[in-house]
Amino acid sequence: MTTAEASLQRTSTVSTRYATFMSRHASLVPTFAAVLILLVLLVGAQVQFENFLTPGNLSALLLDNAYLVVLAVGLTLVIITGGIDLSVGSVMAFTGILCASLLSQGLPAVVVVPIMLLGGGAIGLLIGVLVQYFNVQPFIASLAGLFLARGLAFVVSLSSIRVEDPAILWLQRTRFTVGEWYITPTGIIALLVVALGAVVMQWTRFGRTIYALGGGEQSARLMGLKVARTKILVYVISGVCGGLAGLLLTAYSGAGYPRNGIGTELDAIAAVVIGGTLLTGGTGYVLGSLVGVLVYGTIKKIISFMGAEQAWMQIIIGGLLLLFIVVQRVIVARSQRRT
Amino acid sequence: MKRIVRHRLFWPVVALISLIVINTIARPQFIGVTVRDGELYGALIDILRNSAPLMLVALGMTIVIATRGIDLSVGAVMAVSGAVALTIIDGSPDPEGVGTVTIAVVTALAVALVLGSWNGFLVAIGGIQPIIATLVLMLAGRGVALLITEGFITTVNSAPYSFISSGYIVGLPVAFLIAAVAITTLALLERRTALGVLTEAVGINPAASRLAGVRARGIVFSAYVATGLLAGVAGILYSANIRAADANATGQFIELYAILAVVLGGTSLAGGKFTIAGTVIGVLIIQTLESTILFLGVPAAQSPVFFAIVVIVVVVVQSPQLHAWVRKLARSRQSANTDAPQKVKVAS
Amino acid sequence: MPADTEVPPVVDMSSITIRFPGVLALDGVDFRLFPGEVHSLMGENGAGKSTLIKALTGVYAVDSGQITVAGQQRVLTSTSDAQDAGISTVYQEVNLSPNLSVGENVMLGHEPRKARGIDWRAAHLEAAHHLESLGLAIDTRSTLSTHSIAVQQLVAISRAMVLDAKVLVLDEPTSSLDRGEVERLFAVIRDLRAKGVAILFVSHFLNQVYEISDRITVLRNGRLIGEHLASELPRSELVAKMIGRELDELAALSSVAEREIDRTATPVLRATGIGRQGDLEPVDVEVYPGEVVGIAGLLGSGRTELVRLLYGADRADTGQIEVKGTSARMTSPRQAIDRRIAFSSEDRRGEGIIGDLTVAENIVLGIQARRGAMRRIPRAEADAVVKEYIEALGVRPADPSMLAGNLSGGNQQKVLLGRWLATAPELLILDEPTRGIDVGAKADIQRKVAELSARGLSVIFISSELEEVLRIAQRVIVMRDRRKIGEVSPQETDLSGLVEYIANKTEETAA
């Protein structure tokens, strides 16, 4: 390929516009695809079951999956650096049962919630240190985190613990309504996390360093970026998101349960990938992961509308994941051939 | 002496022996083996029998990891395999018949082979990253298993089927013998054929192997097929043990334990050189550790904490960082020179 | 313009010594860099060139000696130390983030910021400004990976300028550039030089070194041999200083190449119109039994692409291939191997040697792969083959159980050669077999190739060193800009004639 000196004199032909767009934002295409799929699903469902697109249902879409949204945001950051965090489901369960347990022992919510977040962050810190300072592969390091969190969850309690604390329950029970649309504090928290994530990724040096890491750790280091700090921090953030998700899930279900979240990390990874983040790192958007979670939630709802067994949920998500991977692969192979 | 210490199986063996010694001190009957009706019993025998499913899965995982891949779907394949076998037995007019059981087992293994081929196809032909390719089956597989059992936990009473997991032949547990056959077969294949060294070549440097004429695709494909088959056998062992097909619980987390066993045994996750013997020892370590934890009265659900610690200790000990620190400590104690040279290579 | 030596040097390294386990990489080396000059550091493999550069850029810490930058003594123990001292490096692999935009790559770490975060508008404006001062007018919002290596390099240089570098180290910058891109890079370098930047230029292309450098420092075996003005150091003297012996020894091989080739026989390989979109324009190639065909051309001319198509390592879009008269579709290396063609890649480490396997396993790999995975070559047979080639090629150390990755470059090449020779090929394709290896091993390999072709083996030989190609081949295919521009007979031309041939044809096609 000869030098691509894109001309700054814009001839407003469609092809030039397209070429410029692609040279700048090619990584947005997978996310657009995700949005498209979401729209297709929603419209299709509406056609099929006439009362699908009600404000009530759509509001529930966010709230039933608020915990997954928060997990997905943290996971997106980790995956963009080229790593992975398998512990998020277990961290969510651990902090959830810890919350329920501490509340039942009389500690006020104001104290318990920070402890949860700290707990999640601590496990994230452990993973980050293993990855950065001991050169352990993220897969194995987060595996250790998974084991640790899951085991600790059962150490806290072998069975579920109900939550009676009004502050926590308020998070889920309260609804702010606009007409028939509603949102609960948990939903607001989830959306805030998404917004925060998007802002950080786009407008802070920390966020841009995350992208740079995904482009190549060696290069990022040679560019003088704070690689070690950033890498550890993304895992801490993922852990804190796990803690926050634990809070949201506990509020949602009214109890802590050590068996929560088994396999949730897979759902989160699937949502992130469907949302347009490449597992190889370097590209991806937090907003895309939100779309991915919505796709996930929509499919779940469609399945329950169809009265089909929940088993189909896993098969479809698996199939969708495969479809996205194959398409991503084809696109990558094509663009490699061109250069 | 140095050569023994440097041998890569040294530390795994030491770890296993230490565990056995500690256990024996705590409960001397640990290494006791009793003979009843010509069959062996005892804590050690239990370990050999109970480790069989993990052993099979870990063996397959070793090969796949050697090709620079990974197989996250082994638990799901186990679930499907058990579901297929038990559904056939449950639906047949003669659940106690050896013929029925044979058909059930063969069909289940055939399905497992197909699933393994699916993974192999995605990775070797489709060029898809192994972690994602097998993630798909990991997600979808359990759904498939649930569909086969129609959401229920199918239970059967079938003496021939239960024999697979709790029976004895020549005094040894059948489950253990099955695992032993798998180990021996793989070891023979590695020794007698060039599969071992070619797999290592593919894992260490796929590009160079391709140019050298190695049929990399075939080797990678076979690795996943083998893993699928082994997972299928493990699924049958597991369901025979609990006499049921529980699509959700079967093989839960087993892929993680398998990977841990492989890492404990000394095979690198980065691919390339692998050791079957190492994985065997790794599995035994895990099983012995599990047995120890249970003996200590720790609820089984909490045992992952111990394994987390094991994983962390192992990877920290194996990490080059630690060795560099140790060497620096040793050197700064030796030389009077305070400027300890740090040859930290940034650019490769 | 040569530097004014009345001005103090911007970099002064004195008595630098660096030791690694078992080897003294640098032994009391002095090195000076003046502002406003282009300085080349020359030396063969193992001379200590890259070690010295790594000491300057903070990758290695020195065991003894001092480094002074801009009058201040510095201890450089990390790359950020070097950067803070004003030393910027542009590596061969262009260490930037391909997934980020051009502007971001230039500015990341130093972006203009507002209260609410990064000010992208200002960042892109500033980046465009810096790029323009290098003569580069590209869309700063475009993703870096959409641009060629040449452009990416200039972006990297631009980043260095943002960091206000006083010293710019260019490590093999022209390896992936075509002639036009090299010209542009040199224009930028001259411009920076005029602005007072000190440039350390590392390259193995002698022509380019002489074209751009003001001064040359030569290292050999970890010692400083001399520091000279480029205008006062003739090429032959430079090479002599680098290798420490006369060139005549290598010239003695020339006699072997002059042989009669029967070109009426069926060619071992004939390719007509072989090409691949974006990599190679359609080319015709013939190789006759016992012939050594050289392929000459500058980097990027398509030599490697051509032989990879002939071998099936890459798939051709157009053209036909005939092996010994029979038509063949080369869609994978296996098919080439089945037809007794062998290929030694230019990327010895990445596509040749399997580092974690032993020398023996590497040598046997070719014949084992051909025999298939299920039929293992018996121990006795394998040992015999390994022993034969270790001895015949002079692999040092002669230990079959040594890990191939621990051998020196020259010995790795020999092991690779052994692997292929063991398969008894009829056509052996060697891509840059002598690149980056010491002179002794170089001579060994050249001699072996000549010997084998005399016994009937056909060889395709690619080398960046035109003298080598002329010395070994009976016929030379010349390539330029991804197409074949002609063939030359070594008996009828010499080095300058060949260079002329390449240069002249360029002007014709440009018209």
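Protein chains in written order, with my numbering: chain A, 1172 to 1510; chain B, 28 to 375; chain C, 4 to 514.
All C-beta atoms in this analysis are idealised placements derived from N, C-alpha and C, irrespective of residue type, glycine included.
Treat the numbers as computed from the prediction; the structure is a model and nothing was measured.
Where residue i falls, given that 16 or more other Cβ within 10 Å makes a residue buried
{"i": "residue 443(C)", "result": "exposed"}
{"i": "residue 1352(A)", "result": "exposed"}
{"i": "residue 1189(A)", "result": "exposed"}
{"i": "residue 423(C)", "result": "buried"}
{"i": "residue 210(C)", "result": "exposed"}
{"i": "residue 341(B)", "result": "buried"}
{"i": "residue 1419(A)", "result": "buried"}
{"i": "residue 75(C)", "result": "exposed"}
{"i": "residue 322(B)", "result": "exposed"}
{"i": "residue 1367(A)", "result": "exposed"}
{"i": "residue 114(C)", "result": "buried"}
Same chain only: Cβ atoms within 8 Å of residue i, ignoring 5 sequence neighbours per side
{"i": "residue 374(C)", "result": "380"}
{"i": "residue 1334(A)", "result": "1270, 1271, 1274, 1275, 1340, 1421, 1422, 1425, 1426 and 1427"}
{"i": "residue 156(C)", "result": "93, 97, 176, 180 and 188"}
{"i": "residue 264(B)", "result": "79, 80, 83, 191, 192, 202 and 205"}
{"i": "residue 314(C)", "result": "333, 336, 339, 344, 346 and 432"}
Distance between residue j and residue i (C-alpha atoms, nearest Å)
{"i": "residue 90(C)", "j": "residue 215(C)", "result": "20 Å"}
{"i": "residue 384(C)", "j": "residue 369(C)", "result": "14 Å"}
{"i": "residue 282(C)", "j": "residue 1455(A)", "result": "31 Å"}
{"i": "residue 503(C)", "j": "residue 448(C)", "result": "28 Å"}
{"i": "residue 1467(A)", "j": "residue 188(B)", "result": "39 Å"}
{"i": "residue 318(C)", "j": "residue 1295(A)", "result": "46 Å"}
{"i": "residue 241(C)", "j": "residue 471(C)", "result": "18 Å"}
{"i": "residue 205(C)", "j": "residue 308(C)", "result": "26 Å"}
{"i": "residue 468(C)", "j": "residue 1203(A)", "result": "50 Å"}
{"i": "residue 561(C)", "j": "residue 90(B)", "result": "Residue 561(C) lies beyond the stretch modelled for chain C, which goes from 4 to 514, so this question has no answer here."}
Unbroken alpha helix (DSSP H) run spanning residue i, endpoints
{"i": "residue 75(C)", "result": "Note, residue 75(C): premise wrong, no alpha helix (DSSP H); beta strand (DSSP E) at 75 to 77."}
{"i": "residue 1241(A)", "result": "1237 to 1251"}
{"i": "residue 346(C)", "result": "Not the alpha helix (DSSP H): residue 346(C) falls in the beta strand (DSSP E), residues 344 to 347."}
{"i": "residue 1189(A)", "result": "1185 to 1196"}
{"i": "residue 153(C)", "result": "152 to 165"}
{"i": "residue 245(B)", "result": "243 to 269"}
{"i": "residue 219(B)", "result": "201 to 219"}
{"i": "residue 127(C)", "result": "123 to 135"}
In DSSP terms, what residue i is bridged to
{"i": "residue 273(C)", "result": "289(C) and 325(C)"}
{"i": "residue 377(C)", "result": "In DSSP, residue 377(C) forms no bridge with anything."}
{"i": "residue 1353(A)", "result": "1348(A)"}
{"i": "residue 91(C)", "result": "171(C)"}
{"i": "residue 69(C)", "result": "17(C)"}
{"i": "residue 22(C)", "result": "27(C)"}
{"i": "residue 68(B)", "result": "61(B)"}
{"i": "residue 490(C)", "result": "480(C)"}
Residue interval of the beta strand (DSSP E) (run including residue i)
{"i": "residue 1203(A)", "result": "Segment 1200 to 1219 is the alpha helix (DSSP H) holding residue 1203(A); no beta strand (DSSP E) there."}
{"i": "residue 203(C)", "result": "201 to 205"}
{"i": "residue 1287(A)", "result": "No beta strand (DSSP E) contains residue 1287(A), which is instead part of the alpha helix (DSSP H) from 1280 to 1304."}
{"i": "residue 82(B)", "result": "Note, residue 82(B): premise wrong, no beta strand (DSSP E); alpha helix (DSSP H) at 79 to 93."}
{"i": "residue 30(C)", "result": "26 to 36"}
{"i": "residue 299(C)", "result": "295 to 300"}
{"i": "residue 220(C)", "result": "218 to 223"}
Residues near residue i in its chain [Cβ-Cβ closer than 7 Å; skip 5 each side]
{"i": "residue 1289(A)", "result": "none"}
{"i": "residue 236(B)", "result": "228, 229 and 243"}
{"i": "residue 365(C)", "result": "356, 357, 407, 418 and 422"}
Sequence-distant residues of its chain with Cβ nearer than 6 Å to residue i (five each side left out)
{"i": "residue 445(C)", "result": "437"}
{"i": "residue 417(C)", "result": "396 and 398"}
{"i": "residue 54(C)", "result": "21, 28 and 29"}
{"i": "residue 410(C)", "result": "none"}
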